[in-house]
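Numbering (the working numbering), first residue to last: 512 to 742. We treat Cβ as the ideally placed atom computed from N, Cα and C, and that holds for glycine.
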């Protein structure tokens, strides 16, 4: 492994462990050079990667500060279950089922025809604080027997392991909106607080639509890292 990657993973583990307080300066690049016995450019590459992945912020002329690791680094370019996301972020989390009932597809998803769906509303708790409200609308023609236990644990586990469905891709849109009354109640946030809303439509490999999801995130605890390359 390249030396800068070793430094990256060591500092990442220390940040996740809370060794560096949120908003406080990390050791200077010069001190890190001495500690790891490497050149300045090696330290800079490691710190650049940490900044790109949302762990630190580089402040010109001041140094590097730790960022709140309670944020979700939400994967816009991947399809991940909530359980997989929590495990990848090493977060302490709880999944609260708010409602579980038959419904129809909301018009906000632009469906051409109305089909019966199972509506599942869940609040994602991180470190005992509400972070995300998920509204899932699963087509009953594809997954007709979802139980409350499935909803409380993992829908993806139910889809893939119990039903043997093959999830292929999702089309996602992201907007920033004012919190609704329901957002304020479920997320415990004040009036005029913005929320980040991710709406997605998930498809199976046989081209069928599986579900529509609206994830409403607290704006102060949302982060997303996307790799972009100029061609």
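Can you list, in chain order, the residues of its chain with a C-beta nearer than 6 Å to that of residue i? Leave out the 5 residues immediately preceding and following it.
i	result
residue 537	531, 575
residue 646	632, 725
residue 547	518
residue 740	Bear in mind that the predicted position of residue 740 carries a pLDDT of just 48, short of 50, making it too unreliable to give a figure here.
residue 549	514
residue 529	none
residue 642	635, 729, 732
residue 512	none
Among the residues of its own chain, which have a CB less than 7 Å from the CB of residue i, if the five just before and after it don't count?
i	result
residue 523	561, 566
residue 686	708
residue 659	608, 611
residue 519	557, 560, 561
residue 661	669
residue 539	574
residue 570	576
DSSP three-state call for residue i: helix, strand or coil?
i	result
residue 658	coil
residue 576	strand
residue 684	strand
residue 606	strand
residue 638	coil
residue 613	strand
residue 674	coil
residue 626	coil
residue 518	helix
residue 547	helix
residue 719	coil
residue 653	coil
residue 669	helix
residue 553	helix
residue 525	helix
Between the options, which has its C-alpha nearest residue i's C-alpha?
i	options	result
residue 644	650, 667, 609	609
residue 732	525, 612, 704, 722	704
residue 604	726, 664, 696	664
residue 680	577, 641, 514, 721	721
residue 640	729, 656, 521	729
residue 711	578, 682, 630, 642	682
residue 535	656, 696, 568	568
residue 723	657, 630, 694	630
residue 613	521, 691, 656	656
Return the Cβ separation of residue i and residue j in integer angstroms, given the expectation that the two are a contact with Cβ distance under 8 Å.
i	j	result
residue 649	residue 632	Actually they are not in contact, since the Cβ atoms of residue 649 and residue 632 sit about 12 Å apart, beyond 8 Å.
residue 615	residue 719	Actually they are not in contact, since the Cβ atoms of residue 615 and residue 719 sit about 18 Å apart, beyond 8 Å.
residue 693	residue 706	That belief does not hold up - the Cβ atoms of residue 693 and residue 706 are roughly 11 Å apart, past 8 Å.
Could you pull out every residue in the same chain whose Cβ sits closer than 8 Å to the Cβ of residue i, ignoring the five residues on either side in sequence?
i	result
residue 677	671, 715, 716, 717
residue 541	551
residue 554	515, 518, 540, 543, 544, 547
residue 525	531
residue 684	709, 710, 711
Can a CB atom of chain C be found closer than 7 Å to the CB of residue i?
i	result
residue 682	In the structure shown, chain C does not exist; there is a single protein chain.
Are the stretch 687-704 and the stretch 664-674 in contact at 8 Å, needing three or more beta carbon pairs?
no
Determine contact between the stretch 636-645 and the stretch 714-721, defined as no fewer than three beta-carbon pairs at a distance below 8 Å.
no
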